[in-house]
Structures are given as C-alpha cells and as structure tokens.
DNA sequence: TCCGCCTAGGTTTTT
DNA sequence: CCTAGGCGGA
C-alpha cells in the first residue's frame, strides 16, 4: 500500500520523502513545497520506517518554522507521537545542548544568553577597560568582527594568530577581553552558542559520539544559509551515519552578512560523495507571470548555467505591474490605493497583502499612509519586542536574579532607575572588585559584610557614605527579590519586581500619559508571556523563560490570522507567501543597497533578494520605485534598480498613472507636514511619460516602454468627458490599452479603449 | 549626579 | 532627519 503520507505529492517530492538511507540533497526552488517535503519525510520515517522520533534532529531556520513543523507532524501522526523529536533553530538546539553539556567545560548551566544589544554593550565595556577610543575603534565594527570570527570558528587566540596587522591586533585584544568578561559574567553570546558546541564536540569525542549515536537522522532546512560553524555542526553529527537530509536553494542565499556560505550547499556532493541529489522545480505558489519576472531577474546577471529552472501548472495570471511613485509617501499611497481597489473588486482580505522592502526604515512612510487611510497593518521587525528599552530593563533584573554574575545586566540595572549610582561610583566599584579579584556582584556582598564589621582582606572601606548607602540599598532590593524568587512563581516574581520598581509610575512620568501606557502595556505583555511558563516546576521557570526570550525572533510571533496588511523586510519575508505582494523601493542604493555596491558578490546577493521577494507572491506582484527619496534629510533623485532592466518589457505592465504628479518648481521645499505643494491632479487620461532621469537603458528594458495594466475592473466607478459617470461591466487588455465596457448612468453601455477615451477612475 | 542643550555622525539585512 | 553621546551648568 502506498503510504497516505505520499498522497498529494508529485513524483519528485515522493522520491525525496522516501529517499533511502544516506546523504540527500534536495535542491528546491521557491514555492516547491520543500518544507513540506522535509516534514513529510520525518512523518514517513516515523510511520513507515519505524524510526524512533527520539533519534531525529530537524533544524529549521526560524522558531516559527519549527513550531509549524511540530504542528503539522501532530496533524499527520496523531497527538503525542512526535514529542520526543528534536526540532529547532541551530541556536535553540545548541542552547538546549549546552544546558546539558557545558559542564564539560567546567561552566554552570545557568548561563545567560547575550543578544546583539548586550554584545554591543559588552564591547563598549571592553573598550573602556582597555582605554581605547570609541571613535577610532567603533564598537559596532568590533562586535561584527568578533561575531564573524566566531562564525568561522576562530577563538580569540586563533584570531590573534591569523591577523597580523596593527588594527587587527587591537580587535584581537578586544576579543580576548570580551571573552574574559563573558566568562566572568557566566554568559554566552549568540555566536558562542554554536561555536562552543563545536568546541565541546572537538574536545570531548565521547560527547560527540553520544550525540551521533542518538541522532541517527539529521534534517536541515535552508541549507544554503548555513555558515561555517553550522556546517561543522552538521558535518560532525553526520560523520558516522551519513544520514543527513538537507534542503535548500542556492538562489535564495541571502545571509552572507552573517557568514552564510553558499558553497556549503553547492559542494554538498563533494562533502558527501554518496549523496543523492533531488531537484524540485515545480512551483506551486506563483502564477507563470510572476515566475517569469522572478526568473528574468535571477538569471539577469549570470552567464553560468542554472542548476534548476522553475515551472508551474498554474495559469499565466495577472501581469506584473511596475510603477513609479513621486516620493516614498506617494509610493505608499499608490500601494494603499491599490490595496483598497483590490479589496473592492476582488475578494481579498487585508492579510492577503504584503509590502516588502529592503530596509526597516522604509516602513515609516507606509505606516503613515496606512494610518491616514485607517487600514490595519502590522510592521514586522524594526524595533523588536524584546529589544524595547522597558522590556530589556525588566529582563535585566530577571537575568541578574538568575545569574548574579551577569555583568551587562548588572550595569543596566545599576543605572536604571536613577538611584544615585553614577559612573564615578560604578568605576570605583569596578576597581574595588578587581582589587579583591572577585566579580562585581560578589564585591557588593563583601561590602555588605564590611558594614557588619568584617574586613576579609584588610582592604580599606571604599566609597563615601552616600554611595555606600546607595549600593547597599540596591543590594538589599536585589536580595529581597531573590528571596521572593525562591518561593513565588515567575509571574509572582515579576509582579513583585514591578511593584518594587514602581515601574508604571516611572514610565508614565518619563514618557507621558500615552506613550507611558503603551510601554506599560508592553510590560504586561511580557508578564503574559511569562505566564506560559508557570506550568513548569518553579525552579525551572525563570531559566526556561529567559532562554526562550533570548532566542525568539519577531517573525516567530507573526500571526497569519491577524486581519492586517503585513509590512516586512525582504530577509524576514523569506519562507513566507502572500496572494498580493508589493516590492517597494526598487532603486539603486536601496536594492541593490549602497553598502553592497563595491563588491560583485554582494550585488549578486541583492539580486537574489529581489528574487526572494518576487517569489513570495502567489497571484499579483507589484514593483514600485520612487522618483526621489531622502537620505540623511537630503532629497536625492532616485535611479530605478538595475535589476528592473533585466526584465523583458513584455512581461511587465506600466499602468497609466491614475494620479499624476507634477514636479515641484525648482528649489521649492516640500514641507513635511504642511499642505503639499505638489497636489495630485485628477487624472486626465494617459499621463505624459514621466521624465525618468537616467533610465537604465533606452530599449529592451521595462523602464522605457510597456503596455497598460488592467486597472478598470468590473465595479469600478468611472467618468467620461462626454458620457458622464458610469460603472465598468467588463474589461480586457488589448495591445497598448485596456478595452472596457461601461454602463453609463444616462447613456447606457458603451465599449471603449480606456486610455484613448481618457476614462477617469472615481472613488466608489 | 542629573538634566538639557548641542553636534557630529550614521542606515542593510538577523539568530 | 534622527539619536546617541559629550559637555556645561545646577
């Protein structure tokens, strides 16, 4: 009997799901159901091959993908069947692994995980410790270098060896001190989670052997986005059984900035000579019109032969639209207007729409347009929930309670709220702790003992009376909370903390009524999340909560059912799909991003980003760019993205702009909030070709010509100069125009060419 | 120590 | 444009 698990899969997919033991590489285009194949494969292994879920490790790209995989398995196999399965991101899997195994390095499992913000603070601390100038040694740059080194498995010593020039020696000494502070803080940063795991594997072969024995089946999604250390993790775990099943798409490799190396997937067969390679080329997501454009862009740059091509059985569908907005506000307005139109004439809901952009900053203009029209929207990313100041403040207390050596949290907590402990006192505390050779928190405890008359090391009692008082009262409040944490559950602890801090009042005072309430609401949301952990044994609640909170990303909490338009970056949109997609800001300097321009490889990565964005669309794809955009407060005339020039004109519609804008007179400032000097004129038929300054190419490019998109859909209200108002009955595209049948209020039905007749769109 | 004014510099993308 | 840090004054 053919397994039910194979039903609804095409032969290629079935082949992948049933692949025999041994290494398997599934090269799969966008929308090819690769994540589904991965999931079905796991179900198949358990159901048909009798594999114990305990022996399976599946690595996904986000926690959200992991959750979805678990849910799907539950649905396929029945409840409870797959609970022994290990699923998660590299980071979460390694984090769990280290809680168990870090003891081999003589470290406590109660380590704190430092996120990027914590990393940066720690680097700043390092620079101050080493008396280095923050101007000459930018903390961000140093943080990036350290992170990069860790992703390449270079520890501080190896880094110092490999870099000989003076500037890098400075970085090396920062790296060294940085690791010292991490160790002293009993903390691991994001990158350590992976690097330390591999180090343990190397140093303790018996530990590795145990995991190799356990995980006889290893599956990895988005393999093209693995970096060196992730590659080594996979390789180490797969070394014995070779049962490694990876899925990915080299055309969607967009994470080289965090060390991802597309060669990992391209050289899979070299790493695993017995590998089977399966190509999934059929696309189940997008229409042919969308796929054609996406393929044109991805192929545009390269001469090399492609590993795979894409095809679909879906209908050709609506042509992809390309449109210019005057500026980002106008661009946003065009999008919102189109969303409103599609909602009227089609059966779309708000969550069918996605606005995808290169940089988070672009979401600002969108936000304003949505607010102005009263459409619900959700912006993914930007300031992440767990990076909000008020949230981090509260988390800092919780982290300090769980791990008193956590240096970054201690410093944060000392400074907020103001309690009379400033940089002077802090520096002195630091000196004193160093003199005693203990971590800062212990030196505080020693200070308390000193107060009670003990003088352990015969050191002089430091600090003036005021500072000492402040420090001791601080210590007392922490110790009080610590006592509470040993009797109350997590929510009880948080309540006590909020009470002690008088946080609600502080927030209201600091940010005013409205924003104060908003931030307080965030705190309550955090408290809500904490509530989900109170079902655990009390001793585990805080640790589990903190580990979880450190590793979630924003897309993880993305709600599909939310009735709102989604605004999201290209990177975060990877793996998602929407019926209608607007790719905005398709301009030189933005996509490709200006920071990528000095290097051919990074420009090609930008091209892949375009490809990823375009292939998110199922039914309709809109490409937009602006005439001008402001950078650093300066208006710059935009140049349309070079990737647009790779699209054959006949694949694209350049709609007659329903709203035509005129350039403002020279040297006229357009006030940000005042009345716009550039008023949208009501439409008067086909617009004059907009002056495109520096078009990419004069012919063979979508930028120079193009027929019209179908904008007069049935139900659209229109006005004609002679016939007056009417409603569109039907329409179809013809050569260079759109043929519409209109039912006029007084003149009955007429058929005409929309642009030729200068037909005007009206609001409903 | 804290507050507020000022200026110089900065914008990719994320687990 | 915006914001984080530096600097002067209370």
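Residue numbers (the working numbering): 3 to 766. Even glycine gets a Cβ: it sits at the ideal position worked out from N, Cα and C.
Between residue i and residue j, what straight-line distance do the alpha-carbon atoms span, to the nearest angstrom?
i	j	result
residue 503	residue 400	13 Å
residue 388	residue 422	27 Å
residue 448	residue 495	26 Å
residue 407	residue 607	41 Å
residue 54	residue 251	29 Å
residue 397	residue 111	19 Å
residue 80	residue 67	19 Å
residue 708	residue 221	Because the pLDDT at residue 708 is just 36, under 50, the model does not fix this residue reliably, and the value given afterwards should be weighed accordingly. Whole-angstrom Cα-Cα distance: 46 Å.
residue 237	residue 226	14 Å
residue 19	residue 637	53 Å
residue 90	residue 445	39 Å
residue 335	residue 718	19 Å
residue 2	residue 115	A query on residue 2 cannot be resolved here, the shown segment of the chain reaching from 3 to 766 and no further.
residue 487	residue 419	21 Å
residue 668	residue 629	Caution applies to residue 668, whose pLDDT of 34 falls short of 50 and renders its modelled position unreliable; the model cannot decide the point.
residue 428	residue 184	19 Å
residue 7	residue 38	11 Å
residue 727	residue 255	51 Å
residue 394	residue 382	19 Å
residue 402	residue 415	8 Å
residue 663	residue 712	At residue 663, the pLDDT of 42 sits below 50, so the modelled position is not reliable; the number obtained from the coordinates is stated separately. Whole-angstrom Cα-Cα distance: 21 Å.
residue 82	residue 51	18 Å
residue 477	residue 432	15 Å
residue 209	residue 203	6 Å
residue 92	residue 196	7 Å
residue 341	residue 364	18 Å
residue 322	residue 571	20 Å
Over what stretch of residues does the beta strand (DSSP E) that includes residue i continue unbroken?
i	result
residue 144	Not the beta strand (DSSP E): residue 144 falls in the alpha helix (DSSP H), residues 141 to 153.
residue 314	Taken as a continuous stretch (DSSP letters only), residue 314 belongs to no beta strand (DSSP E), as it is neither H nor E.
residue 571	567 to 571
residue 101	Looking at the DSSP string, residue 101 is not in any beta strand (DSSP E); the run it does join, the alpha helix (DSSP H), is 92 to 103.
residue 253	Where residue 253 is concerned, there is no enclosing beta strand (DSSP E), given that its DSSP letter is neither H nor E.
residue 721	719 to 722
Let's test the definition: count the other Cβ atoms within 10 Å of the Cβ of residue i and tell me whether it reaches 16, buried, or not, exposed.
i	result
residue 282	buried
residue 565	exposed
residue 22	exposed
residue 58	buried
residue 482	exposed
residue 434	buried
residue 294	buried
residue 568	buried
residue 373	exposed
residue 675	With a pLDDT of 34 at residue 675, under the threshold of 50, the modelled position of this residue cannot be trusted; read the value that follows with caution. Exposed: under 16 other Cβ atoms inside 10 Å.
residue 537	exposed
residue 547	buried
residue 311	exposed
So, are the CB atoms of residue i and residue j less than 9 Å apart?
i	j	result
residue 278	residue 316	no
residue 13	residue 354	no
residue 324	residue 624	yes
residue 178	residue 158	yes
residue 213	residue 239	yes
residue 153	residue 245	no
residue 2	residue 587	Any answer about residue 2 is impossible in this case: the structure gives the chain only from 3 up to 766.
residue 56	residue 86	yes
Return the chain-ordered list of same chain residues with a C-beta closer than 6 Å to the C-beta of residue i, the five sequence neighbours on each side being excluded.
i	result
residue 509	518, 521 and 522
residue 302	648
residue 88	59
In chain order, what residues of the same chain have a beta carbon less than 7 Å from the beta carbon of residue i, not counting five sequence neighbours either side?
i	result
residue 505	525
residue 350	344, 581 and 582
residue 618	356, 358, 575, 578, 579, 580 and 583
residue 573	256
Alpha helix (DSSP H) containing residue i: first to last residue?
i	result
residue 164	158 to 164
residue 415	409 to 417
residue 514	505 to 533
residue 404	391 to 404
Return the chain-ordered list of same chain residues with a C-beta closer than 8 Å to the C-beta of residue i, the five sequence neighbours on each side being excluded.
i	result
residue 598	604, 605, 607 and 608
residue 150	261
Given 8 Å as the limit, tell me if residue i has its C-beta closer than that to any heavy atom belonging to the ligand NAP.
i	result
residue 636	Here there are no bound small molecules, and the ligand NAP is not part of this structure.
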